[in-house]
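In the UniProt record's numbering, the protein residues as written are 1 to 539.
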């Protein structure tokens, strides 16, 4: 069996992964439940899946959806899409009904693969869909990714999910003679789209950001360099793989570097603790809400996480008191802040461990393939320290929103991608995120950053989590409102927290209302849903 790779004039994601296979053939690539895959086993499985998808009439450029939770089969399907030139459309597995129907139809998907328990959700809207192929990631009787892949020999398929005879026959008749590691099955190149990634759509219908092989590969190189991703790492992959950060900043760059990826369905604290210790995990990425849930969990102890060497956070701003707590508990652990948007791959800036000592409140500096400016409403660069909108230029950027030319033109107004975030640069080139434009509160004609108020309230000894939002107000038009969860065994009143804020921030920033909840709403990626809170407390 040869491991040499003949690169074409193209450099696609499939070729990039094959290089990793050649370098790390016998190293473990994926671990999920009881299944363990080496890089060579993954490569062979991906080849079989790609050939089978081709036999179903799918070809380069076709859009195919992935509707499921984290699993090894989910990753194999993604890699097979890369190899065949299919455009992967990840779908949030929490979506149902009209929301699910919108993405599957707007994306013009020709096929969808899902987890077995989600088949009913698809069946409910199937009469309104125009799909050529329905399949499962695992546990299915036909058109099943794990069955086509032929699960690793130490865990044979269970009765009822054995590899189908027609699959075996097709593979035997179709695979070329000799080694197949460097076979590219169809004509596509690095400019071809690899993924359509739908944004959350907080104020409108979701938009599908089109990311090419070239854009994603550039993003992987930025991530590897800025986040110090090394073959010796062992990563716990817990956030949803439909989410750009987990898939495109951590899992894929890690696979290109020979990292072993231990996959779990969700970042539940007790499950994370179990796998941290069981697999000697050295790197972990999560949004601040998940880090907070780990620290506040009854089973938390430093010993359960002492093997971590690199801690990554992103998706929202880390409260400084929580960041300081992490650094004190784990002084030897390198902490990285990751900032960006889905449309840029999504990594735009990184604050590395050394820079945390200099500027812990910042989002760091632009990664190597990104140029970032802060501008006013006329696209003029604002002076150091002045707040404006953050805009980017990069080969990591999307080529546009799928079938939405007007929104694409608007997002690239002036030749730069508009992030929708407000921020500023300091004199050392560190970028500071002030707020999302939509989260800035206009109270009585004065603009208030929700982050300023949150940072203040996080200093109260009873506050576990806080989200600051705008609520309608007859006098102020928008009033500052804080929604708080308390640490176990502590108490606080609304007036106590208001008085606490009055002593520390400007009067116009002090919350007019404080509400208490047992927990704050999050999406399946662990990201705080302020829009849900705005809807709940609008009246």
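Where is the CB? At the ideal position from N, CA and C, for every residue including glycine.
- Segment limits, alpha helix (DSSP H) that includes residue 224: Start and end: 213-226.
- Message: Could you give the first and the last residue of the continuous beta strand (DSSP E) run that contains residue 111?
- Response: 111-114
- Query: Which value, in whole angstroms, describes the spacing of the CA atoms of residue 127 and residue 105?
  - Reply: 12 Å
- Cβ separation of residue 466 and residue 458, assumed to be a contact under 8 Å, to the nearest whole Å: 6 Å
- Message: Per the DSSP calculation, residue 513 is bridged to which residue(s)?
- Response: 481
- Under the assumption that residue 66 contacts residue 77 (Cβ atoms under 8 Å), give the Cβ distance between them as a whole number of angstroms. 6 Å
- Hey, how far is the Cα of residue 192 from the Cα of residue 529? Spanning the two alpha carbons is a distance of roughly 33 Å.
- Query: Rounded to a whole number of angstroms, what is the C-alpha to C-alpha distance between residue 415 and residue 401?
  - Reply: Computed Cα separation, rounded: 15 Å.
- Compute the beta-carbon to beta-carbon distance between residue 284 and residue 308, rounded to the nearest angstrom, for a pair I have assumed lies under 8 Å. At roughly 6 Å, the Cβ-Cβ gap stays under 8 Å, so residue 284 and residue 308 are in contact.
- Task: Quickly, what does DSSP pair residue 37 with across the bridge? List them, please.
- Result: In the DSSP secondary-structure assignment, residue 37 is bridged to 30.
- Query: If you draw a straight line from the C-alpha of residue 253 to the C-alpha of residue 143, how long is it?
  - Reply: Straight-line spacing of the CA atoms in residue 253 and residue 143 works out to 29 Å.
- Taking the alpha-carbon positions, what's the residue 413 to residue 372 distance? 15 Å
- How do the segment 385-392 and the segment 418-427 stand: do at least 3 beta-carbon pairs fall below 8 Å, yes or no? yes
- Beta-carbon separation (whole angstroms), residue 17 vs residue 74, contact threshold 8 Å: Between residue 74 and residue 17 the Cβ distance is about 15 Å, and since that is not below 8 Å, they are no contact.
- What do you reckon, are the CB atoms on residue 300 and residue 365 nearer than 8 Å? For residue 300 and residue 365, no; Cβs fall outside 8 Å.
- Task: Within the same chain, show all residues whose beta-carbon is closer than 6 Å to that of residue 559, passing over the 5 residues directly before and after it, in chain order.
- Result: No information on residue 559 is available, as it lies outside the stretch 1 to 539 that the chain covers here.
- Query: Between residue 207 and residue 343, what straight-line distance do the alpha-carbon atoms span, to the nearest angstrom?
  - Reply: 10 Å
- Message: To the nearest angstrom, how far is the alpha carbon of residue 497 from that of residue 509?
- Response: 13 Å
- Item | Straight-line Cα distance separating residue 31 from residue 135 | Using only the alpha carbons, I get a separation of about 23 Å.
- DSSP on residue 372, reduced to helix/strand/coil? strand
- Selection from 434, 327, 446 that minimises the alpha carbon distance to residue 454: 434
- Task: Identify which residue in 456, 520, 531 has its Cα closest to the Cα of residue 499.
- Result: 456
- Item | Burial state of residue 123, where buried means 16 or more other Cβ atoms lie within 10 Å | exposed
- Task: Give the single residue among 513, 452, 44 whose Cα lies nearest to the Cα of residue 25.
- Result: 44
- Message: Using 8 Å as the threshold, is the C-beta distance between residue 486 and residue 470 below it?
- Response: no
- Item | Backbone CA spacing between residue 417 and residue 488 [nearest angstrom] | 43 Å
- Query: What residue ranges within the segment 399-451 form continuous beta strand (DSSP E) runs of no fewer than 3 residues, ordered along the chain?
  - Reply: 417-425, 431-436, 441-443, 446-448
- Query: What residues are listed by DSSP as bridge partners for residue 319?
  - Reply: DSSP, once it has assigned bridges, lists no residue as partnering residue 319.
- Using a Cβ-Cβ cut-off of 8 Å (strictly less than) and excluding sequence neighbours within five positions of residue 462, which residues of its own chain qualify? The answer, listed in chain order, is 486, 487, 490, 491, 492.
- Task: Using three-state DSSP, classify residue 341 as helix, strand or coil.
- Result: Coil at residue 341, not helix or strand.
- Using 10 angstroms around the beta-carbon of residue 195, count the other beta-carbons present and answer buried if the total reaches 16, otherwise exposed. buried
- Boundaries of the beta strand (DSSP E) in which residue 473 is found, first to last residue: Start and end: 463-473.
- Task: Evaluate residue 219 with the Cβ neighbour count: other Cβ atoms within 10 Å of its Cβ, from every protein chain shown; 16 or more gives buried, anything less gives exposed.
- Result: buried
- Message: I need the straight-line Cα distance from residue 398 to residue 346, nearest angstrom please.
- Response: Spanning the alpha carbons of residue 398 and residue 346 requires a straight line of approximately 10 Å.
- Between the beta-carbon of residue 92 and the beta-carbon of residue 12, is there less than 8 Å? no
- Message: Measuring straight from C-alpha to C-alpha, what distance separates residue 145 and residue 90?
- Response: 16 Å
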